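Going by the numbering used here, the sequence shown opens with residue 85, and the numbers climb by one from there.
Here the structure is laid out as C-alpha cells; the discussion comes afterwards.
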Amino acid sequence: MRESFHVPYTALACLEAGRVAVLAPHADDEVFGCGGTLALLVERQVPVSVAVVSSGADAEVRRGESLCAARILGYDPPAFWDLEDGGVVADEALVRRIVLWLKETGADLLLAPSLWEMHRDHRAVSGAVRNVASHR
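See the structure below:
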C-alpha cells in the first residue's frame, strides 16, 4: 500500500460523505476534535450523528454544553452513552454498541480518536473502532 494512503500530503476543503458519525469519548471531544469539519459538513447538508461515550464530573454541565454546541453547529443532539469517565474499555460490548449505532445512523464515514491519543478513554474508543470492521 502506498505511503500517501496512510499519510495525507494534501489538505481537503471538506471530507466527502453521505452521512457522518462522530464518536466522542467525552463531551467536548466532538467539538475540539472536529468541530470545524462538522460545521462544514452541516453547511453542505451532510447529516451528522454524534455519540458521547462517557460522562463524569459535571456531567450535566458538559451534557448541556454538548447540546448547545450541536445547536450552534447545526446537527442533531448527540446520543449520550454515559459509560464511566476514565473507565471506557474496548470490549466486545462497546464494539457491538458502536456497530448497532452505525447501522442506526447509516453513516458512511466515522470520525473517531486516534490510537495515539494519550487519554485512556480515547484509546479505548479508538481500539473498539478498529474491531468494528470485523462485525460489519
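All residues carry an ideal CB built from backbone N, CA and C; glycine is no exception.
What you are looking at is a predicted structure, and each value in this text was computed from that prediction instead of being measured.
Own chain residues within Cβ distance below 7 Å of residue i, not counting five before or after
i	result
residue 164	136, 139 and 147
residue 157	119, 122, 123 and 126
Boundaries (first-last residue) of the alpha helix (DSSP H) holding residue i
i	result
residue 205	204–216
Boundaries of the beta strand (DSSP E) in which residue i is found, first to last residue
i	result
residue 168	163–168
Residue i classed as buried or exposed, judged by whether at least 16 other C-beta atoms fall within 10 angstroms
i	result
residue 197	buried
residue 117	buried
residue 188	exposed
residue 130	buried
residue 179	buried
residue 205	buried
residue 113	buried
residue 115	buried
residue 177	exposed
residue 96	exposed
residue 145	exposed
Residue nearest to residue i in terms of C-alpha spacing, selected from the options
i	options	result
residue 126	187, 160, 168 and 177	160
residue 207	191, 176, 193 and 172	172
residue 203	133, 175, 170 and 154	170
residue 110	175, 150, 86 and 100	150
residue 132	103, 141, 108 and 155	103
residue 162	134, 107, 168 and 155	134
residue 154	192, 108 and 168	108
Same chain, Cβ closer than 8 Å to residue i, neighbours up to 5 away in sequence not counted
i	result
residue 166	138, 139 and 143
residue 91	none
residue 199	207, 210, 211 and 214
residue 98	121, 124, 125 and 128
residue 141	169
Near the ligand ADP: residue i beta-carbon under 7 Å from a heavy atom
i	result
residue 134	Of the ligands one can find in the structure shown there are none, so the ligand ADP has no counterpart to examine.
Spatial neighbours of residue i in its chain, beta-carbon cut-off 6 Å, leaving aside the 5 residues before and after
i	result
residue 190	103
Practice task
Taking only runs that begin and end inside the region 96–133, name each unbroken alpha helix (DSSP H) of 4 or more residues, in chain order.
Solution key: 113–127
Exercise for the section: Can you check the region 141–192 for any beta strand (DSSP E) of at least 3 residues that lies completely inside it and give the ranges in chain order? Expected result: 163–168
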